[in-house]
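The structure appears below as structure tokens.
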Amino acid sequence: MTDTLQNPEDFLPLTPAVFNILLALADSEKHGFGIMLEVEANTNGQVLMGPGTLYGSIKRMLKADLIEESDERANPDKQTLHKS
Numbered sequence: 011m012t013d014t015l016q017n018p019e020d021f022l023p024l025t026p027a028v029f030n031i032l033l034a035l036a037d038s039e040k041h042g043f044g045i046m047l048e049v050e051a052n053t054n055g056q057v058l059m060g061p062g063t064l065y066g067s068i069k070r071m072l073k074a075d076l077i078e079e080s081d082e083r084a085n086p087d088k089q090t091l092h093k094s
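For my numbering, count along the sequence shown from 1 and bump the result up by 10.
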């Protein structure tokens, strides 16, 4: 068995975290903190995503090729992400 999820359908049904991250990345690339702020804004403060949930979800989504890191990072200390 491979370490990588090959089928995006493995994420269905989407968890609330994955759904909100994809929604936050729908219009532009963002770094992790930007995603947290976008999720909070999109949900009128109803969803506050902590770093453990955010970065755990991002790690799984990167592994499944649902999102990818941007090559054009303005700040090398910030991981910029976008939808695949």
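Idealized CB from N, CA, C, for every residue including glycine.
Here's a check: name, in chain order, each residue in its chain whose Cβ is nearer than 8 Å to the Cβ of residue i, leaving out the five neighbours to either side.
{"i": "residue 65", "result": "42"}
{"i": "residue 12", "result": "Low local confidence applies: a pLDDT of 49 at residue 12 is under 50, so the model's placement there is unreliable, and no value is given."}
{"i": "residue 53", "result": "30"}
May I ask you to report which of helix, strand or coil DSSP gives residue i?
{"i": "residue 79", "result": "strand"}
{"i": "residue 91", "result": "strand"}
CB-CB under 6 Å to residue i, same chain, minus the five flanking residues each way: which ones, in chain order?
{"i": "residue 63", "result": "27"}
Assuming residue i and residue j are in contact, meaning their beta carbons sit under 8 Å apart, how far apart are those beta carbons, in whole angstroms?
{"i": "residue 80", "j": "residue 39", "result": "5 Å"}
{"i": "residue 71", "j": "residue 30", "result": "No, residue 71 and residue 30 are not in contact; Cβ-Cβ is about 12 Å, not under 8 Å."}
Is residue i buried or exposed, if buried means 16 or more other CB atoms sit within 10 Å of its CB?
{"i": "residue 91", "result": "buried"}
{"i": "residue 34", "result": "buried"}
{"i": "residue 76", "result": "buried"}
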